[in-house]
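Working notes, structure below.
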Amino acid sequence: MVGGRSARRAHSPDGAVETWAYDGEGNLLVHTDAVGATTLYEYGAFDLLAARTDPDGSTTTYGWDTERRLTSVTNSLGATWSYRYDEVGRLAEETDFIGATTTYTYDTAGRVASVTPATGITRRHTYDILGSVTDIRADTGEHLHYAHDLAGRVTTAVSGTRRREVHSLTFTYGPTGQLVSETVDDNPALRFEYDAVGRRTTRHSPTGSDTSWQWDPTGHLLGLTTDGHHLAFGHDSVGRLTDWRVGELAVRRNHTPRGQLANQDVIAHPTSTLNLGLEPSVQPRALRQDSYAYRPDGYLVDHTTQRDASRVVRRSFDLDPAGRITAVVQDGHATEQYRYDPLGNITDSGSDRREYLGNLLVRDGRTRFHYDAVGRLIRKTTTRLSHAPDVWHYRYNAFDQLTDVTTPDGRHWQYTYDALSRRATKQRLDHDGTVADLIRYTWDGTHLLEQSSGDTTTRWNYQHGSYTPLTQAVSRTSDIDRLWDQRAVDTEFYAIVTDLVGTPIELVDPRTADRVADATTDLWGNTIWHGATDTPLRFPGQYHDPETGLHYNLHRYYNPDTARYLTQDPLGLAPSPNPNTYPHNPTGWTDPLGLVPAACDGTNGKAFEHDYDYHPRIRARGLEDPTGHNFPYSFDDEILRRQPIVQNDGSLLYRADGFLNGKPGYYEIAVNTDRNLIFHRTWRSGS
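To convert, note that position 600 of the sequence shown is 599 in numbering that gives the first Met the number 0; the numbers rise steadily by one, no gaps.
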């Protein structure tokens, strides 16, 4: 400690160095990252954060009241998000960057009783005797209903309107609490089986497809069997997936000392090679080889690809001080270029300039965008030479879910959702309101499992604990019922090769290891498939709707043309300083739920500046609960910049004061430095 200040240095496994400087009160003043970029912090009364200046020079300021409650956040463009509290300290009102105000009321137990956004449509909440939500009902008549068992688990969940019940979910649980079945409406149930220690071993889908999992004694996934194909997996000493194989196809991966993907090789193996790790008797054929290089702060800067022994294609990425990509350079030529405002909105994409009203995009070249009172996109108009303009109309329900789209050719598409916010159907309506086309969706938690339309069903499987897809199976049946073994004959099965973050880039027939289709993508997710087939899957957690060009992203819809969502983040400013944009660097961040930025290994949060790993228990909880046990993982870097408290066992305890739902308290993280492991992470109310 010098002059009342202290400093801390951290060395990552690859030798990169970061420094933190604190004042005498333990407040972080300066953070310098591994490439020398500096973030500055200023504090006011009660050591509350007053301002933060990021490496690109943009400053965010914070206001607080005398009770140490956050009252305002003013972004680098000068827009303010404000908070007002009632007489007992509960959040009563918040006004966002575009001036839309949401008000909250509470019942006598302090629970949220109503929420009224700027649309004026109030949503009212009711609870059971144990405090679980039983109903959320809007003025429009739209409602969600939940029933719980004595353990607080949801047993039924119903979504509906004033006129009808839209979708009903029924859940049953086993003696040890695991979900054993989920039934949607009057369809066959989705059923699960588990082993003695609670690991899932079997899944029976509503369409009759079975998937089974095999585990080793340490809990690593050894194999997955689905649609008559077996996938085998290999892991390193810390549990990272290093190999997977199906049929004649193998994918092998190497990681950097920091755990980032360094190489991925896609290999066609001879039939004689039966197990991972065995050397084949014949030289394997490399279908694709990718290698990745990173800056010391973890951002991707180079990506090289070689396919079928052809020439090497190299892409490099130019970055601004905030880590945003300003240019994609392929073989020496810039193929994509971007400029951003201080909040991360794209202002120039090379060919078209964009205009914003506050934080809302209002013009992109010949396209204009129009919004409602809460900032939801309701109309898009594109002018065309010598033709009438193309006009798109969008409509939402009381829960901010997109329900209707009218396309320029007059087609009407309608979307329905279950009470867990998952899209249940997509349908095209004729002019008389009858259903002309219908697609039904089946979910396994927050993972899209199946889509069914007419005689065709498509199924997906994913890497364990992530949103990275592994396989796609397409089954087609005739109008008459077929035996299940004959149905299997009519199934097209593909292995999915993904990129660095888990976006599909190739489909391969595992029986022959022949490439069936491959994708060309741009930085923000626009995709063109080449070949005999394709997949609707895009960025992790996203599904492409060809009728709109949008990507369904569970809680929101994403537009890859603008790199923006149609609606604001339901969690407000907690996950990100810009509630409208996709994570700032899509080569390292994803947003599988449309809620919270997530690192490409599936752990919620950004590509962390800290180098700690998470205990598997915390990782699992993060995937189940995207807000990370009451607060987003994106908060962790800030918390870990605080001066730690050394515990008797040598571990470090980090605490940071804050507010959650208008209530004061502190965030707490504990680190085992010997194992470089975060083993405790929680929010504690009170001061």
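By construction, the Cβ of each residue, glycine as well, lies at the ideal position given by its N, Cα and C atoms.
Please read all numbers here as calculations on a predicted model, not as lab measurements.
- The C-alpha of Arg7 lies about 13 Å from the C-alpha of Leu651.
- Annotation: Val183 to Trp459 spans about 19 Å, alpha carbon to alpha carbon.
- With a cutoff of 8 Å on beta-carbon distance, Ala512 and Trp528 are scored as not near each other.
- Residues Ser208, Asp209, Thr210, Ser211, Arg458, Asn460, Thr470, Ala472 of the same chain have their beta carbon placed closer than 8 Å to that of Thr225, with the five preceding and five following residues left out of the count.
- In this chain, the beta strand (DSSP E) harbouring Asn262 covers 260-267.
- One thing to note: Leu359 has its Cβ no nearer than 8 Å to the Cβ of Leu565.
- Membership of Trp412 in the beta strand (DSSP E) is indicated by the continuous run 411-416.
- Taking 8 Å as the cut-off, the Cβ atoms of Ala117 and Ala99 count as close.
- Under the Cβ criterion (8 Å, minimum of three pairs), the stretch 283-300 counts as touching the stretch 20-36.
- For Arg89, no beta strand (DSSP E) run applies, since DSSP gives it neither H nor E.
- Ranked by how close their Cα comes to the Cα of Ser575, the residues Phe316, Leu594, Thr169 have Leu594 in first place.
- Shown here, Asp64 sits in coil according to DSSP, grouped into three states, outside any helix or strand.
- Its chain contains Ile135, Ser158, Ala418 as the residues whose beta carbon lies nearer than 6 Å to that of Leu143, once the 5 sequence neighbours on both sides are disregarded; these appear in chain order.
- Rounded to the nearest angstrom, the Cβ distance from Leu549 to Asn558 is 6 Å, consistent with a contact under 8 Å.
- Between Leu437 and the set Arg252, Ala669, Ile120, Arg422, the nearest pair of CA atoms involves Arg422.
- A residue is called buried when at least 16 other Cβ atoms come within 10 angstroms of its Cβ; Ala15 meets this threshold and is buried.
- The bridge partners DSSP lists for Asp363 are Arg353, Thr366.
- Cα atoms of Ala91 and Thr107: separation of roughly 15 Å, rounded to the nearest angstrom.
- Take the alpha-carbon of Arg306 and the one of Arg514: they are about 11 Å apart.
- Counting only runs of 4+ residues, no alpha helix (DSSP H) is found wholly inside the stretch 92-128.
- The C-alpha of Asp235 is placed about 15 Å away from the C-alpha of Asp612.
- Per DSSP, Gly176 is not a residue of any beta strand (DSSP E), being assigned neither H nor E.
- For Trp523, the closest of Thr589, Thr58, Val29, Gly258 by C-alpha to C-alpha distance is Thr589.
- Per DSSP, Phe316 is one residue of the beta strand (DSSP E) stretching across 311-318.
- Counting only residues of its own chain and dropping the five nearest sequence neighbours on each side, Asp429 has a CB closer than 7 Å to the CB of Ala435.
- Taking Asn396 as reference, the option from Val373, Asp408, Gly409, Thr380 with the minimal CA-CA separation is Val373.
- Collapsing the DSSP output to three states places Phe170 in a strand.
- Under the Cβ criterion (8 Å, minimum of three pairs), the stretch 336-351 counts as touching the stretch 311-325.
- With fewer than three CB-CB distances shorter than 8 Å, the stretch 404-411 does not count as touching the stretch 172-182.
- Between Asp351 and Asp389, the alpha-carbon positions lie close to 18 Å from each other.
- For Phe45, the three-state secondary structure derived from DSSP is helix.
- Of the other Cβ atoms in all chains shown, 16 or more fall within 10 Å of the Cβ of Gly540; this residue is therefore buried.
- Going by DSSP, Gly159 is part of the beta strand (DSSP E) stretching over 153-159.
- Within its own chain, the residues whose Cβ lies closer than 6 Å to the Cβ of Tyr653, once the five positions on either side in sequence are excluded, are Ile638, Leu639, Arg641, Pro643, Ile668, listed in chain order.
- In the DSSP secondary-structure assignment, Leu69 is bridged to Trp63.
- Collapsing the DSSP output to three states places Asp436 in a strand.
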